[in-house]
Amino acid sequence: MYVTATGLDPQKVVQVQLLDSYGHIVTQDQTRTDSAGSLSYGLGLPNLMVPGNFQVKLVSGSVILSQPITITAYTSQNSGLVSLSGSSYLFTAQTDKSIYQIGDVIKVFGTGAPNTGVSAVLTDPSGRTYTSSTTAQSDGTYALYYQNSLPFETGNWSVTVANQGMTRVFYLVMEPISSPFLFTAQTDRTVYLAGDLIWISGFGLPSSNINAVLTSPSGVTYTETATTTSDGSYTLSYLTSVWYESGYWYITLTNQGEIRQLAVTINQGSSSSSSGPLTAQTDKSFYIKGEPIQVTGVGKPYTTVKADFTSPSQTTFHVAATTGSDGSYLVSLPTSPSDETGNWIISITNWQLTKVLSIYLQP
Numbered sequence: 009m010y011v012t013a014t015g016l017d018p019q020k021v022v023q024v025q026l027l028d029s030y031g032h033i034v035t036q037d038q039t040r041t042d043s044a045g046s047l048s049y050g051l052g053l054p055n056l057m058v059p060g061n062f063q064v065k066l067v068s069g070s071v072i073l074s075q076p077i078t079i080t081a082y083t084s085q086n087s088g089l090v091s092l093s094g095s096s097y098l099f100t101a102q103t104d105k106s107i108y109q110i111g112d113v114i115k116v117f118g119t120g121a122p123n124t125g126v127s128a129v130l131t132d133p134s135g136r137t138y139t140s141s142t143t144a145q146s147d148g149t150y151a152l153y154y155q156n157s158l159p160f161e162t163g164n165w166s167v168t169v170a171n172q173g174m175t176r177v178f179y180l181v182m183e184p185i186s187s188p189f190l191f192t193a194q195t196d197r198t199v200y201l202a203g204d205l206i207w208i209s210g211f212g213l214p215s216s217n218i219n220a221v222l223t224s225p226s227g228v229t230y231t232e233t234a235t236t237t238s239d240g241s242y243t244l245s246y247l248t249s250v251w252y253e254s255g256y257w258y259i260t261l262t263n264q265g266e267i268r269q270l271a272v273t274i275n276q277g278s279s280s281s282s283s284g285p286l287t288a289q290t291d292k293s294f295y296i297k298g299e300p301i302q303v304t305g306v307g308k309p310y311t312t313v314k315a316d317f318t319s320p321s322q323t324t325f326h327v328a329a330t331t332g333s334d335g336s337y338l339v340s341l342p343t344s345p346s347d348e349t350g351n352w353i354i355s356i357t358n359w360q361l362t363k364v365l366s367i368y369l370q371p
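Quick note on the numbering used here: the sequence shown kicks off at 9 and runs consecutively.
Here is the structure:
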């Protein structure tokens, strides 16, 4: 069976594989691309081939190409032609750094085919996946962001980025927070309209200063400060202008030498700030079975706040509360020794706004 391919990296070693319908390797061999990034190779087939559906896969460094084929009958190693095409453009992918701490924003960026879809799959050491997608700009550049939070797993993670049939795979390391205190930061949502209020909350060293810098896509900065309470909690906000640029904005927060970075998107349009911000925070990030999980915050006054507590096995418990005259609310879910250990997701909804939190329930 002849395999031809174009659009690969030039002068690189390529693994040529034939996989069955279960993804198992039937046969494989190794060759090298020419100076133009092309190859033409005769892959020998086993003497006993059962007709069926197969996949030809080329692996060269971080580039993966694949093509499904059907073998109807075995004749000889030179029967059949499989053509795979890489790209006539440069497809690149990388992260802004290789080592992250829990709470960091993971940025995946590079170049691909202009005005085409780019998808990225982030896989943790346990095999859980987190998917994000975007569209490459007219010049081919793209950027994707993962805003991680506790209790993301530490260890080695893989990132698989795909564009127009080509795949790049690389790796990063997630480390625990090295601070002796817990410094967290989160926005009330990730997408805003110009004119909206950006609400930031979290925990830092008790009775200390929080410095925040909001940076526009063109590099213009806006600074705010806040002081944590005796329990370490804090809130601060930015009232955006209708003249603010559209695109990705960074928020860099500093507390006692510790840095956290958030990413938000600001779009042009009619401001939704008239509905007021929705805030939500738990009294801690880790709970022991038997302790109540409490969420407090501020919403629209005299309205219902709905809270969905979802266990690791996707069992959901529903709780509701009514905000007071100042918009404040408290929802609480009691836990028991029979509840599941692991990462629980809490979704808070009020007046068409939603806030998502996560906590970890320990034995």
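Where is the CB? At the ideal position from N, CA and C, for every residue including glycine.
In the three-state scheme derived from DSSP, where H, G and I count as helix and E and B as strand, Lys115 is classed as strand.
Annotation for Tyr310: no beta strand (DSSP E) segment contains it, and DSSP assigns it neither H nor E. Taking 8 Å as the cut-off, the Cβ atoms of Val126 and Thr139 do not count as close. Under the 10 Å beta carbon count, Leu286 is surrounded by 16 or more other beta carbons and is classified as buried. By the 16-neighbour rule on beta-carbons within 10 angstroms, Tyr153 is buried. Restricting attention to Leu16, Phe317, Arg268, the CA atom closest to the CA of Gly111 is found in Arg268. A straight line joining the alpha-carbon of Ala13 with that of Tyr252 spans about 46 Å. When Cβ pairs closer than 8 Å are counted between the two stretches, the segment 315-322 is seen to touch the segment 334-353, the count reaching three or more. Scanning the segment 150-209 from its first residue to its last, the whole beta strand (DSSP E) runs of 3-plus residues come out as 163-171, 174-183, 199-201. By the neighbour-count criterion, in which a residue is buried when 16 or more other Cβ atoms sit within 10 angstroms of its Cβ, Ala121 is buried.
Where Lys65 is concerned, the enclosing beta strand (DSSP E) starts and stops at 60-68. Excluding five sequence positions before and after Thr236, the CB atoms of its chain that fall closer than 7 Å to its own CB belong to Gly212, Leu213, Pro214, Ser215, Ser216, Ile218, Tyr242, given in chain order. As the crow flies, the alpha-carbon of Phe117 is around 7 Å from that of Thr149. Under the DSSP assignment, Gly125 falls in the beta strand (DSSP E) whose first and last residues are 125-131. For Arg268, the enclosing beta strand (DSSP E) has its first and last residue at 266-275. By alpha-carbon distance to Asp196, the top candidate from Ile367, Val11, Thr362, Asp17 is Thr362.
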